[in-house]
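A.B. asks:
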Amino acid sequence: MQKTIGVSELQTDLHGVVNEVIAQQIPYILTLRDQPEAALIPYAEFLRFLIWKEDEILAEFDAVLSELAEENAVYTVDEIEADIEAAIAEARSIAL
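Residue numbers (my numbering): 1083 to 1178.
1. So what's residue 1162 in DSSP terms, helix, strand or just coil?
2. Helix or strand or just coil, what does DSSP make of residue 1111?
3. For the structure I just gave you, are there three or more beta carbon pairs, one from the stretch 1121-1134 and one from the stretch 1102-1113, closer than 8 Å?
4. What are the complete beta strand (DSSP E) segments, minimum 3 residues, inside the stretch 1083-1156?
5. Alpha carbon to alpha carbon, what distance is there between residue 1106 and residue 1139?
6. Quick check: residue 1089 and residue 1114, are their CB atoms within less than 8 Å of each other?
7. For residue 1103 versus residue 1087, is the C-beta spacing smaller than 8 Å?
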């Protein structure tokens, strides 16, 4: 169960709302001009969110890495080394 509170009302009862979030584990949706803008949640729930978000980012990274590995599988080590050497030579010629 969650509750909704306006920012102005929150200012008058911040201590009570924070105690309710901590003691009863009740999240609050904070509104500004009747629009939801933020949330006040128990710290443990916030930590779970961070872990979930990190896992999501790592999964996206793994997917991109797999895609790149698949796309680059057609190139040999010799081709890659030749491309690197050509890029270095070009960069050095520009720098001079």
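A virtual CB, placed ideally from N, CA and C, is assigned to each residue, including glycine.
Since the structure is predicted, the reported quantities are computational estimates derived from the model, not experimental observations.
C.D. replies: In this structure, then:
1. Reduced to three states, the DSSP call for residue 1162 is helix.
2. Note: residue 1111 maps to strand in three-state DSSP.
3. Contact holds: three or more Cβ-Cβ distances are below 8 Å.
4. Counting only runs of 3 or more, we get 1085-1088, 1110-1114 and 1117-1122.
5. Rounded to whole angstroms, the gap between the alpha carbons of residue 1139 and residue 1106 is 31 Å.
6. Against a cut-off of 8 Å, the Cβ pair of residue 1114 and residue 1089 comes out as a contact.
7. Going by C-beta atoms, residue 1103 is not nearer than 8 Å to residue 1087.
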